[in-house]
Amino acid sequence: MSSMTTTDNKAFLNELARLVGSSHLLTDPAKTARYRKGFRSGQGDALAVVFPGSLLELWRVLKACVTADKIILMQAANTGLTEGSTPNGNDYDRDVVIISTLRLDKLHVWQGRTGAGLSGHHALFAGKPSNRWDANRTQ
13 MSSMTTTDNK AFLNELARLV GSSHLLTDPA KTARYRKGFR SGQGDALAVV FPGSLLELWR
73 VLKACVTADK IILMQAANTG LTEGSTPNGN DYDRDVVIIS TLRLDKLHVW QGRTGAGLSG
133 HHALFAGKPS NRWDANRTQ
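Under our numbering, the residues of the sequence shown are numbered 13 to 151, in order.
Here it is, written out as structure tokens:
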């Protein structure tokens, strides 16, 4: 799958763990299985599943993956039906890293007027009371 050595991959995985915290990095195939298998079809191997918790962590993880020449698959809730967010087979020329956006659940507000919702925020918290952001708050 990859031309990187086991030592290179270990260093890469250590870097990902440093960026997001080891509890937000999965490498055990048993623990990554649900992220490597599509909702309807498609599945394959992945070196890791990473769960960044902020846009800055996401940027740093992307940068590390690009530097290490990894294939990046972005994944939200893994409910798509087109096999676009999961590996499809095991014949990739490089290691696959799945970046899950499930921890990116905050609403960022600029100057109290503009907000940027992150993937899955509304679906995950629909119908649940939240004090994360108050639309009437003044800055």
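Glycine included, each C-beta is placed from N, C-alpha and C at the ideal position. Note that this is a predicted model, so its numbers are computed, not measured.
**Nearest-angstrom Cα separation, counted from residue 19 out to residue 107** = By one-based count along the sequence shown, residue 107 stands at place 95. By one-based count along the sequence shown, residue 19 stands at place 7. C-alpha separation (whole angstroms): 14 Å.
**Item:** Inter-residue Cα distance where the pair is residue 103 and residue 64
**Value:** By 1-based counting over the sequence shown, the position of residue 103 is 91. By 1-based counting over the sequence shown, the position of residue 64 is 52. C-alpha separation (whole angstroms): 27 Å.
**Request:** Any chance you could list the beta strand (DSSP E) runs of at least 3 consecutive residues sitting entirely within the region 24-87, in chain order?
**Result:** 60-62 and 83-87
**Request:** Kindly list the residues whose CB is nearer than 6 Å to the CB of residue 110, restricted to its own chain and excluding five residues on each side of it in sequence; keep chain order.
**Result:** To locate residue 110, count along the sequence shown from 1; it is residue 98. 47, 58, 61, 85 and 87.
**Asked** For residue 29, which of 98, 116 and 72 has the nearest alpha-carbon?
**Response** Your numbering for residue 29 matches position 17 in the sequence shown. When only C-alpha atoms are compared, the closest one is 72.
**Of the listed residues 117, 67, 115 and 99, nearest to residue 45 (C-alpha basis)** = On the sequence shown, position 33 is the one that residue 45 refers to. Measuring from the Cα of residue 45, the nearest candidate turns out to be 99.
**Message:** Is the separation between the beta-carbon of residue 69 and that of residue 31 shorter than 8 Å?
**Reply:** By 1-based counting over the sequence shown, the position of residue 69 is 57. By 1-based counting over the sequence shown, the position of residue 31 is 19. Against a cut-off of 8 Å, the Cβ pair of residue 31 and residue 69 comes out as a contact.
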